[in-house]
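Everything on this sheet refers to the single structure shown next.
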Amino acid sequence: MAKLPDHVGIDFGTHSVKAVELARISSERPALVNLGSQVTPKGVINSEDKNDKKRLADVLRKLFDSSRIKNRNVVMALPEFSVFTRFLEFPGVKKEELKDAVYFEAKQYIPMPLNEVQLSYVPIGFNTEKNAPRVLVVAAPRKIIDIYINIAMMASLDLIAIETESVAMGRAMYKSTGKKDIVMLDFGANSTDMSILSDGYLVFSQSIAIGSDSLTQAVINKFNFEYQRAEEFKRNYGVSEGVLEGKIFNVLSPIVESIMVEVRRGVEFYKNRTLSVAPMDYLLNGDGALLPGLAEYVSKSLGVNAMIASPWNNILVDSKFKDIISKSGPSYSVAIGLSLKDE
112 MAKLPDHVGI DFGTHSVKAV ELARISSERP ALVNLGSQVT PKGVINSEDK
162 NDKKRLADVL RKLFDSSRIK NRNVVMALPE FSVFTRFLEF PGVKKEELKD
212 AVYFEAKQYI PMPLNEVQLS YVPIGFNTEK NAPRVLVVAA PRKIIDIYIN
262 IAMMASLDLI AIETESVAMG RAMYKSTGKK DIVMLDFGAN STDMSILSDG
312 YLVFSQSIAI GSDSLTQAVI NKFNFEYQRA EEFKRNYGVS EGVLEGKIFN
362 VLSPIVESIM VEVRRGVEFY KNRTLSVAPM DYLLNGDGAL LPGLAEYVSK
412 SLGVNAMIAS PWNNILVDSK FKDIISKSGP SYSVAIGLSL KDE
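Take 112 as the starting number for the sequence shown in our numbering and just add one per residue.
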């Protein structure tokens, strides 16, 4: 594949749009050139409405102007809940037969007509016991891809590649930790995305329809707070048991536990599907990963080693960016992964 030119990684979140530009991405320690964030207008993500696309394009312009980003080449991520991914093995299938085999198999798993999706697959090794090539099949609705192509054009940006959030995050996590076998949990506003890396390859991904906004709403419902006050209580106390007599913990922990239930199901599906042992190292990403006590809660609930991701490890960061990164480091994981994409 051709090498990509220098570019900016753009991650569209429900509450914010983030951008990261790196230099020397093929080196051991790339350097941060620039980064920025802007508030996402409500309800515009994945919207086909022309006015919503214009509003998102305007946010991109504002983001580039305020952050003084000059590079117009961009790589964007599709929201994980928009994409279908599936790990598949093809016993006895030869390399030249793989494309047709993937297409035939994909028809059984993708809940849309194949002429309505952009279908691709990534080879991820070989199962010697089964004589089977292994692939990750990725399918994205063409109408969703068209939305982001249009947004880039409206913002006068050159969209040179699109990929999924989980693939980008996996790249960032491998760069920052060197670990090839990890589970990644990305805590977003409306969903929690779970992905598994095995031997450095993304082999499993699912989107759980519970996010940090559900936690805020639970605080509102329990204490009749205004939104902003509920958000502050959530961010300040989280799922730490020993504060405020456990009142916030008692409200939030059942919702976090419901996410853990889905994570366990995902892990069991992965183990049954691949006959592999699941990784024990969990990296927590996204704005929601900063919830106090979350890493400890995940570790205890799942019996694993969970920690807050540090996606800026092994990246040279100028002191002028240190304050931003110290406050919201793990929320930039996807944008970093996109900016690290080299082909």
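We treat Cβ as the ideally placed atom computed from N, Cα and C, and that holds for glycine. In this text the structure is predicted, and so the values were computed from the model without any measurement.
- For ARG253, the enclosing alpha helix (DSSP H) starts and ends at 253–265.
- A distance below 7 Å between beta-carbons, with the five flanking residues on each side excluded, links PHE201 to the following residues of its chain, in chain order: LEU209, ALA212, ALA243 and PRO244.
- Residue environment: PRO390 is assigned as buried (16 or more neighbouring CB atoms within 10 Å of its CB, all protein chains considered).
- With three or more CB-CB distances shorter than 8 Å, the stretch 259–271 counts as touching the stretch 159–167.
- Under the criterion of beta carbons closer than 8 Å, HIS118 and ASN182 qualify as touching, at roughly 6 Å.
- Inside the stretch 137–174, DSSP marks no whole alpha helix (DSSP H) run of 4 or more residues.
- Secondary structure note for MET391: it is in no beta strand (DSSP E), with a DSSP letter that is neither H nor E.
- For the stretch 307–382, the full-length beta strand (DSSP E) segments reaching 3 residues or more read 312–319 along the chain.
- The shortest C-alpha to C-alpha distance from LYS290 to any of ASN226, GLY281 and LEU296 is the one to GLY281.
- Going by DSSP, PHE215 is part of the alpha helix (DSSP H) stretching over 209–220.
- Residue environment for GLU276: buried (at least 16 other C-beta atoms within 10 angstroms of its C-beta).
- LYS114 carries a coil assignment under DSSP once its states are collapsed to helix, strand and coil.
- Between the alpha carbons of MET371 and LYS206 lies a gap of roughly 38 Å.
- Within the stretch 398–438, the runs of beta strand (DSSP E) that reach at least 3 residues and sit entirely inside it are, in chain order, 416–419.
- Residue pairing of PHE237 in beta bridges, as defined by DSSP: PRO244.
- Per DSSP, VAL194 is not a residue of any beta strand (DSSP E), being assigned neither H nor E.
- Per DSSP, VAL131 is one residue of the beta strand (DSSP E) stretching across 127–134.
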